[in-house]
Amino acid sequence: MLVAVIAAALLFDYINGFHDTANAIATCVSTRALTVRTAIFMAAGLNFVGAMISTKVAATIGKGIVDASSITQVVVLAGIMGAIIWNLITWYYGLPSSSSHAIIGGLAGSVVAHAGTSALHWAGLKKIITVLILSPIVGAFFGFLFMVIMMWTFRNKAPYTLNKVFRKLQIFSAAVMAFSHGTADAQKSMGVITMALVSYGSLATFEVPNWVKLSCAVAMGLGTAAGGWRIIKTVGHDFVKLQPVHGFCVETASAGVILGASAMGLPTSTTHVITSSILGVGLSKRISAVNWGVAYRIVTAWVITIPASATVGFVSYMVFSPFLGK
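In short: position in the sequence shown from 1, add 79, done, that's the working numbering.
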């Protein structure tokens, strides 16, 4: 069962990679700063590097939802399956939903199925969910602010010259965004695997082993290299039409929010931070610059992901437990 949990967590990490590839590269692909292939491989490499840097977010996920010593391998496996199934559903329909929301919802649902709501760490969950809700708002604010500053600073520059310069700068901002994605999203699987190891008794205290860091970083990098074409199209083309200067502001604002939160051990949804930053940049142009139909789909996915993945996690536990034990 422990091996099954680790394999499922790495599969989730892989899916997270191709599901969330759009977060780091959609804007630079849509503005033609990089080709799709180059952007994906750059994101894969920097996702790997970012994943190896810190384990603060992993500790928050592994200890903030439930006490690892009070759950079983079946609970963790069911929670991961809840997240995986929901990620695949939203990927199929091209919805940029949050893998962070999905894993938290999936684990919460399976824990409730196993031991009831009293087993959840409500203080930790409140902190995690508050950050997940506030971070997109902060992303939208900084996306809007950066774009206004750029428009005022370069108001007398010719658009062609400005876009030529920012197309080069955007490569750097996309690289930082890819790195920040690794510091945030790979940490979730590290936290889940370490939680399973503590629950099993392989670890006495919650400390992420080096082999867990490496395996999660590799899985995330490989998933990113596989690409997430459907979501790239939704985020990079359909939501807001972007020029290089817009893409630079989006990626800079998003990376700043994500890196700041990761440094404090706070889990963010990279998906919702960057899509909200795109919204902020779009609003700085005009309200009609935003495709509000796509915005509605994104917000809908944002609202329903935690309850939907929690439901799948709950059902997964009820299906697994008769065959695998509680």
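Heads up, the beta-carbon is just placed ideally off N, CA and C, and yes, glycines get one too. Keep in mind that this is a model prediction, so the values were computed, not measured.
Distance, residue j Cα to residue i Cα
i: Ser348; j: Arg365; result: 26 Å
i: Phe399; j: Leu81; result: 14 Å
i: His325; j: Val191; result: 43 Å
i: His168; j: Val155; result: Checking the sequence, you will find Ile at residue 168 rather than His. Approximately 20 Å between the Cα atoms of the pair.
i: Met230; j: Ile159; result: 44 Å
i: Lys236; j: Phe251; result: 21 Å
i: Leu204; j: Gly124; result: 31 Å
i: Val391; j: Pro238; result: 49 Å
i: Pro386; j: Phe220; result: 27 Å
i: Gly288; j: Tyr375; result: The residue you asked about is not Gly; residue 288 is Pro in the sequence shown. Rounded to the nearest angstrom, the two C-alpha atoms are 41 Å apart.
i: Ser294; j: Leu301; result: 11 Å
i: Val227; j: Ser355; result: 16 Å
i: Ala332; j: Ser189; result: 35 Å
i: Gly96; j: Arg116; result: 15 Å
i: Thr284; j: Thr134; result: 14 Å
i: Ile144; j: Glu286; result: 16 Å
i: Met343; j: Val128; result: 19 Å
i: Trp170; j: Tyr93; result: 13 Å
i: Leu89; j: Met256; result: 22 Å
i: Thr196; j: Lys247; result: 51 Å
i: Val360; j: Phe233; result: 16 Å
i: Tyr396; j: Trp201; result: 21 Å
i: Ser363; j: Gly372; result: 18 Å
i: Ala296; j: Trp290; result: 10 Å
i: Val217; j: Pro401; result: 44 Å
i: Ala130; j: Gly339; result: 15 Å
i: Leu282; j: Arg111; result: 47 Å
i: Asn126; j: Leu174; result: 21 Å
i: Ser367; j: Ile377; result: 17 Å
Same chain, Cβ closer than 6 Å to residue i, neighbours up to 5 away in sequence not counted
i: Val394; result: none
i: Cys107; result: Leu113, Ala118, Gln249, Ala253 and Gly326
i: Ser388; result: Gly161, Ala162, Trp165, Ala181, Gly184 and Gly185
i: Val84; result: Gln152, Val155, Leu156 and Ala275
i: Tyr351; result: Per the sequence shown, residue 351 should be read as His rather than Tyr. Correct list, in chain order: Ser177, Pro215 and Trp381.
i: Ile212; result: none
i: Ile150; result: Ser278
i: Leu403; result: Val153
Member of the options whose CA lies at the smallest distance from the CA of residue i
i: Ser341; options: His260, Leu113 and Leu321; result: His260
i: Thr240; options: Pro323, Gly188 and Ser214; result: Pro323
i: Gly161; options: Val255, Phe91 and Ser214; result: Phe91
i: Leu199; options: Thr209, Ala187 and Lys206; result: Ala187
i: Ala194; options: Ser179, Phe221 and Asp146; result: Asp146
i: Tyr279; options: Pro238, Gly335, Ser148 and Ser294; result: Ser148
i: Phe225; options: Ser214, Gly124 and Gly335; result: Gly335
i: Ser214; options: Gly361, Leu89 and Ile337; result: Ile337
i: Ile132; options: Leu211, Phe258, Ser197 and Thr196; result: Phe258
i: Pro346; options: Ile208, Met299 and Val128; result: Ile208
i: Met121; options: Val352, Phe402 and Ala304; result: Ala304
i: Ser179; options: Thr262, Ala86 and Trp201; result: Thr262
i: Ala265; options: Lys292, Val255, Lys247 and Leu282; result: Lys292
i: Ala86; options: Leu362, Ala298 and Leu282; result: Ala298
i: Leu321; options: Trp290, Gly222 and Gly218; result: Gly222
Spatial neighbours of residue i in its chain, beta-carbon cut-off 7 Å, leaving aside the 5 residues before and after
i: Gly315; result: Because the pLDDT of Gly315 is 49, which lies under 50, any placement of that residue in the model is unreliable, and the number read from its coordinates should be weighed accordingly. Here the set comprises Ala101, Ala105, Thr106, Val108 and Ser109.
i: Lys61; result: Within the shown structure, residues of the chain are numbered from 80 to 405, placing residue 61 beyond reach of any answer.
i: Val210; result: Ala340, Leu345, Pro346 and Thr347
8 Å Cβ cutoff, residue i in contact with chain D
i: Thr273; result: No chain D appears in this structure, which consists of one protein chain only.
### Query
Okay, do the segment 262 to 271 and the segment 136 to 151 touch, 3+ Cβ pairs below 8 Å being the bar?
yes
### Message
Counting beta carbon pairs with one atom in the segment 242 to 260 and one in the segment 376 to 385, are three or more of them shorter than 8 Å?
### Response
no
### Message
Give the list of continuous beta strand (DSSP E) stretches no shorter than 3 residues that lie fully inside the segment 89 to 167.
### Response
none
#### Entry: alpha helix (DSSP H) segments (min. 4 residues) lying fully within the segment 180 to 259
201 to 232
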